[in-house]
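Numbering follows the working numbering, with no gaps: position 117 of the sequence shown is 121. For reference, the structure discussed in these notes is given below.
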Amino acid sequence: MEATHCRVVVLISGTGSNLQALIDASVHSNFKISAVISNNPDAKGLDKAARDNIETVVVNHRDFDEREEFDLALRKLIDSYDPDLVILAGFMRILGSSFVKHFLGRIVNIHPSLLPKYPGINTHQRALDAGDKEHGVSVHFVTEELDGGPVIAQDRVPVLSDDTADDLAARVLDKEHLLYPKVVSWYAAGRLRLENNAALLDDEALPPGGVQVHA
Ligand code: GAR
């Protein structure tokens with residue numbers, strides 16, 4: 005893979021603040037966003053991409069009777085861009101196993117918790133309810149296990165005594181915006197890969213929580 009030409013496709017469902025961080029970083033980094041795809045026609049992130057003259061496409065899951073049909077249409081569309089990496093950035097649909105197998109090793113996700121804690125939704129409230137002193141974000145390779153693929157990197161934030169879930173989400177989001185472009189640039193530089201269900205950086209298998217970043 006040519007370091008300056010890593011082509012990525014970004015999948016979103018909502019606000020797209022991580023997408024914006026990736027767009028901003030891509031200007032001075034080693035990856036280029038070929039397209040932004042959303043399952044949600046109203047996703048605010050679509051406007052962000054269009055503002056930066058990035059191609060946008062909607063594949064509305066509501067237009068499909070079966071999840072497999074949606075997955076197949078999405079897969080074909082992504083393949084048409086021939087990307088080196090598929091980036092899930094707030095993409096809120098569960099992807100089926102044949103989709104995941106097709107992109108295995110070249111699809112990553114960002115999740116707002118310190119995985120393996122709190123896969124799924126409502127991660128910030130769950131961290132508060134559990135009385136956690138620390139919370140954070142994980143970037144991981146996508147595998148068939150929901151939010152369960154090998155973690156590449158994490159960053160942490162403190163949980164303060166008067167935090168609401170929104171306070172915590174905002175604090176984590178700031179870290180997300182720094183972490184995701186960093187991980188994508190590792191991949192684009194050919195430093196990161198998935199092998200035997202382990203994440204490797206510079207040929208070294210990463211520990212369970214991945215690289216601990218302090219941005
Ligand atoms: C982010 O916090 C991201 O980690 C989370 O959705 C938010 C999207 O925000 N993703 C998940 O929960 C996936 N399970 P954004 O649209 O502003 O980037």
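For each residue, glycine too, the CB sits at the ideal point set by N, CA and C. Computed from a prediction, not measured in an experiment: that's the story for all the values here.
Runs of beta strand (DSSP E) with 3 or more residues, each lying fully within the region 25-110, are found at 35-42, 59-62 and 89-92, listed in chain order. For Ala29, the number of other beta carbons within 10 angstroms of its own is at least 16, and it is reported as buried. In this structure, the CA atom of Ser21 is about 16 angstroms from the CA atom of Gly140.
For the 8 angstroms CB-CB criterion, Val61 and Leu81 form a contact. Here Ile156 really is in contact with Ala203; their C-beta atoms are around 5 angstroms apart, less than 8 angstroms. Judged by the Cβ position, Asn126 fails to qualify as a neighbour of the ligand GAR at the 7 angstroms threshold, every heavy atom of the ligand being at least this far. Taken from the Cβ of Glu180, at least one heavy atom of the ligand GAR lies inside 7 angstroms.
Straight through space, the alpha carbons of Leu119 and Leu150 are spaced by roughly 11 angstroms. Distances from the CB of Asn43 to the heavy atoms of the ligand GAR are all 7 angstroms or more. Counting only runs of 4+ residues, the alpha helix (DSSP H) found wholly inside the region 162-196 occupies 169-192, in chain order.
With contacts defined as CB atoms closer than 8 angstroms, Gln158 and Gly214 qualify as a contacting pair.
The nearest non-hydrogen atom of the ligand GAR is less than 7 angstroms from the C-beta of Thr19. Of the candidates Val217, Ile16, Gly109 and Pro87, Gly109 places its Cα closest to the Cα of Val146. Counting other Cβ atoms within 10 Å of its Cβ, Val163 reaches 16 or more and is therefore classed as buried.
At least one heavy atom of the ligand GAR lies closer than 7 angstroms to the C-beta of Asn22. Secondary structure note for Leu132: its alpha helix (DSSP H) is the uninterrupted segment Thr127 to Asp133. Taking the Cβ atoms as the reference, Ala53 lies roughly 7 angstroms from Leu23, within the contact range of under 8 angstroms. Excluding sequence positions up to five before and after Arg97, its CB lies within less than 8 angstroms of the CB of Ser17, Asn43, His65 and Phe74, all in the same chain and listed in chain order. Shortest Cα-Cα distance from Pro212 to any of Lys179, Ser142 and Val161 involves Ser142. DSSP places Asn22 within a helical segment (H, G or I) once states are collapsed to three.
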